[in-house]
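Peer 1:
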Amino acid sequence: MRLCIIGNSHIAALKGGWEAGVKAEFPGIRPTFFGARGGGLTRLMVRGGILTSDDAKIRSDLAFTSGGQMGIDPGLFDAFLVYGLCRNVNLLVRNYGAGYSRQVLEAALLDYWAATSLIGVIRKLREITTLPIHAGASPLEAALGEAGAATTNHVRFLDASNRQVFALLDAELIGQPVETIVNGDATALAFASGSTRLAVGAGNDLVPHEAGETRHMNADFGARWLRSFLTGLSPG
Amino acid sequence: MAIATYGSCFAQHVSRALIRAGFNWLDCEPPPAGLSLDHAGAFGYRQFSSRTGNIHTAAMLRQWCEWALAGSEIPAEIWYEGARLIDPFRPRIEPDGFGDRAELLAARTSTLAAFRASVATADLLIFTLGLTECWRHRDGHEYPLCPGTAGGRFDAELHHFVNQDYPAILDDLNRSIALMQRVNPGLRLLLSVSPVPLAATAGPDHVVVATTYSKSVLRAAAGAVAAANAAVDYFPSYEMITSPVGQGRFFAANQRDVTDQGVQFVMQQFFRAIGHQPGIAARGADPDAADAVICDEEMQAAFGQSA
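These protein sequences, in sequence, are chains A and B.
So the first sequence is numbered by my numbering: it starts at 1 and just counts up by one.
So the second sequence is numbered by my numbering: it starts at 237 and just counts up by one.
1) Going along chain B, which residues have a C-beta under 9 Å from N88 of chain A?
2) Return no unless some Cβ of chain A is closer than 8 Å to the Cβ of F284 of chain B.
3) Quick check on L144 of chain A: buried or exposed, where buried means 16 or more other Cβ atoms within 10 Å of its Cβ?
4) Residues of chain B with a CB under 8 Å from the CB of A98 of chain A: which are they?
5) When the distance is taken between beta carbons, is P268 of chain B closer than 8 Å to A108 of chain A?
6) What is the DSSP secondary structure of T241 of chain B, counted as helix, strand or coil?
7) Would you kindly work out how many angstroms separate the C-alpha atoms of P31 of chain A and S138 of chain A, rounded to a whole number?
8) Jot down the residue ranges of each uninterrupted alpha helix (DSSP H) in the region 276-327 of chain B, minimum 4 residues, whole runs only, in chain order.
9) Can you say whether M237 of chain B is buried or exposed, counting buried as having 16 or more other CB atoms within 10 angstroms of its CB?
10) Might you give, ordered along the chain, the residues of its own chain that have their beta carbon closer than 7 Å to the beta carbon of T288 of chain B, omitting 5 neighbours on each side?
11) Between I128 of chain A and G49 of chain A, how many whole angstroms is the CB-CB distance? I'm expecting something under 8 Å.
12) Put H154 of chain A into one of helix, strand or coil per three-state DSSP.
13) Pairs of beta-carbons, one from the region 270-281 of chain B and one from the region 378-391 of chain B, closer than 8 Å: are there three or more?
14) For a contact defined as C-beta to C-beta under 7 Å, what are the partners of A342 of chain B on chain A?
15) Kindly indicate if chain A contains any beta-carbon less than 8 Å away from that of G354 of chain B.
16) Using Cβ-Cβ distances below 7 Å, what residues of the region 324-338 of chain B are close to chain A?
17) Could you tell me if L173 of chain A is buried or exposed, where buried requires 16 or more neighbouring beta carbons within 10 angstroms of its beta carbon?
18) Taking Cβ positions only, does A167 of chain A come closer than 8 Å to chain B?
19) If you reduce the DSSP assignment to three classes, tell me which class A526 of chain B lands in.
20) Just how far apart, CA to CA, sit I477 of chain B and R492 of chain B?
21) Below 9 Å on C-beta distance, what does R215 of chain A contact in chain B?
22) Among A:G68, A:F26, A:F80, which residue has its Cα nearest to the Cα of R224 of chain A?
23) Determine, for G520 of chain B, whether the minimum Cβ-Cβ distance to residues of chain A falls below 8 Å.
24) Would DSSP call R2 of chain A helix, strand or coil?
25) Per DSSP, what are the beta-bridge partners of I255 of chain B in this structure?
Printed below as a string of structure tokens:
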């Protein structure tokens, strides 16, 4: 399967995980990564049936991360994974344990996703392809905590997001592997250790994030995420 | 200084001005993460320090104090609109009503706790009196809106109109303040009267006459309470907007709503009085200046009998 992976700095963990071992476990998967740091992918646009950008820096980032492609041609792939491109997911998860009414929760979820680049990229992608689109939210912010806590709120957040938002785009939001979650709404702090910047051909490519970084995860996390996703994608 | 705000729709302007000016405005029942400012307002968040909706009268303030601070039981009454449920004591808090009884009661419990927290933690509570006219159940409890306007059904056997008088308002204010100061002995209060005239009256007089009665009585009661209690002060927002000195320029074209300029003028005087500088944001710089204030009276007017 030719898998197109699109995202911001968070795909560095996926790339690291893929290279560190997941590649060998899934020989039938041929991923191509398209990344840009920060909010760069908000500059993506559809032109001639291809997702590209009018910003030379973004085109350069896409080319560097993909190995030479300055735009995303849906004809070259069998499925898409759009990853990261949103913030404060843990706060949204916490909403589900805070006693808000269903109507309020629904409004908050719609408002939240509508403002994310993740949905923006999926919408643009949907303009040019009917192929499967999967999505992965940015990791839950890391914290010290206890594994095994109930992830009920995370599941409710995922279910509601898929039902209210992603299903309408014929896409699917994939949850974070349960074994990476502590306290029910955070990523275990160990996965934030040793994370690196996304390599886009800049001077600080693959430079480790500052000590205390809690939003970006390492290659171990990326491997677990990809393994969980790809196992579900191609059972057996 | 932690400040809590409650009251009529004009009090929502006070809340916003305090937020914009960077005060420690108490938001004891914050909206969920992700909810836009527009939707937060539509669901009754960030209007007051808890999600009470408008509290127009001194009697309604006393009700909330009794329920949240004194453990009095809230009447079991719930209004049903098809499959949706309306809280009679804040009927516009969920635009389409609650999904079921448990959800409504859970939200109410949350607000009672937040109301109590706001009173317990505030250094200053600003309450803006709005109305004397109200609708009550024969059992004594008061509604913020006449049953049948934003939910429920009007029943002449159960519901009746009351135009509150000076002694009753004085008593309700004093009882409310006593309950609040029992929870928070150091609490100071600032009373004001909304300058927004009545949209309609259910009484026999012309709405102009009814407005004058209502505002006069509220003004007198607020002044009397402030004069008798060292922890209470009166802030003349009503006078600033309605005084002939203003030549009516603080009222919008509908001759009822207070303009942004009027609100800013009032709040500038407020900030100046408490020594806050540099004051509120420059005119036109406010990103949410166009936000609609949720004014129950307009709803009442839309469905009620105009004077």
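Every residue, glycine too, gets a C-beta built ideally from N, C-alpha and C.
Bear in mind that the values here come from a model prediction, so they are computed numbers and not experimental data.
Peer 2: On the basis of the coordinates in this document:
1) Chain B residues near N88 of chain A: A269, G270.
2) Cβ-Cβ to chain A under 8 Å: no for F284 of chain B.
3) So L144 of chain A counts as exposed.
4) Within 8 Å Cβ-Cβ: P268.
5) With a cutoff of 8 Å on beta-carbon distance, A108 of chain A and P268 of chain B are scored as near each other.
6) DSSP, read as helix, strand or coil, puts T241 of chain B in strand.
7) Going from the Cα of P31 of chain A to the Cα of S138 of chain A covers about 19 Å.
8) Segments of the alpha helix (DSSP H) lying fully in the region 276-327 of chain B: 294-305.
9) Counting Cβ neighbours within 10 Å, M237 of chain B comes out exposed, since fewer than 16 surround it.
10) Shown here for T288 of chain B: same chain residues with a beta carbon closer than 7 Å to its own, the five before and five after excluded, namely Y242, W300, R326, T347, F351 in chain order.
11) Rounded to whole angstroms, the Cβ separation of I128 of chain A and G49 of chain A is 5 Å, and the two are in contact under 8 Å.
12) Correct three-state label for H154 of chain A: helix.
13) Between the region 270-281 of chain B and the region 378-391 of chain B there are fewer than three inter-stretch CB-CB distances shorter than 8 Å, so the stretches are not counted as touching.
14) Those within 7 Å of A342 of chain B in chain A are G99.
15) A small correction: the amino acid at residue 354 of chain B is Ser; Gly does not occupy that position in the sequence shown. It does not; no Cβ of chain A falls within 8 Å.
16) The residues in question are E330, D332, F334, G335.
17) By the Cβ-count criterion, L173 of chain A is buried, with 16 or more other Cβ atoms from all chains shown falling within 10 Å of its own Cβ.
18) No, A167 of chain A lies away from the interface with chain B (no Cβ there is under 8 Å from its Cβ).
19) Low confidence applies here, because A526 of chain B scores a pLDDT of 34, under 50, leaving its location unreliable; read the following figure in that light. Secondary structure of A526 of chain B (DSSP, three-state): coil.
20) Taken atom to atom, the span from the alpha-carbon of I477 of chain B to that of R492 of chain B is near 11 Å.
21) Listed along chain B is no residue with a C-beta nearer than 9 Å to that of R215 of chain A; the closest approach is about 15 Å.
22) Comparing alpha carbon positions, the residue from A:G68, A:F26, A:F80 closest to R224 of chain A is A:F26.
23) Low confidence applies here, because G520 of chain B scores a pLDDT of 35, under 50, leaving its location unreliable and the question unanswered by this model.
24) Here R2 of chain A sits in strand by DSSP.
25) None; I255 of chain B has no bridge partner.
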